[in-house]
Amino acid sequence: MKFSTTLFNSLYYFGGPTFNGSLRSISLIRSGKEIKKIDFYDYLLTGKQSNDIRLQRDDVIFINPRLNTVEITGEIRRQAIYELKNNET
Numbered sequence: 072m073k074f075s076t077t078l079f080n081s082l083y084y085f086g087g088p089t090f091n092g093s094l095r096s097i098s099l100i101r102s103g104k105e106i107k108k109i110d111f112y113d114y115l116l117t118g119k120q121s122n123d124i125r126l127q128r129d130d131v132i133f134i135n136p137r138l139n140t141v142e143i144t145g146e147i148r149r150q151a152i153y154e155l156k157n158n159e160t
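Counting along the sequence shown from 1, when you hit position 9 you're at 80 in the working numbering, and nothing is skipped either side.
The structure is reproduced here in structure tokens:
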């Protein structure tokens with residue numbers, strides 16, 4: 072039986088990005104070329120794995136540095152620190 076894993080499985084297994092790593096900009100690099108860029112927020116907020124992809128030998132998961140963040144508190148559903156994309160305010 073051949074075992075293969077996915078990008079999401081690997082992120083989970085290795086504990087995801089550190090505090091300084093982006094959840095909004097994770098790249099899968101295969102043979103020196105970026106073949107997939109994911110926004111992991113989609114999965115975290117909805118549980119949908121539509122952007123997941125099977126990994127192959129020598130694939131590289133590159134987690135970009137976290138950029139701008141905003142903290143939202145008060146009487147809202149999800150108090151948290153949110154990471155913003157470049158085009159978001």
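Where a beta carbon is used, it is the ideal one built from N, C-alpha and C, also for glycine.
Model, not experiment: these values are computed from the prediction.
* **Simplified DSSP state of M72, which is helix, strand or coil** => Bear in mind that the predicted position of M72 carries a pLDDT of just 46, short of 50, making it too unreliable to give a figure here.
* **Other residues of its chain near N212: CB distance less than 8 angstroms, five sequence neighbours each side excluded** => Because the chain spans 72 through 160 in this model, residue 212 falls outside it and cannot be assessed.
* Asked: CB R125 to CB S75, shorter than 7 angstroms?
  -> yes
* To do: Using only alpha-carbon positions, find the residue among F79, K104, L99 and G103 that is nearest to Y112.
  => F79
* With burial defined as no fewer than 16 other Cβ atoms inside 10 Å of the residue's Cβ, what is the status of E159: buried or exposed? -> exposed
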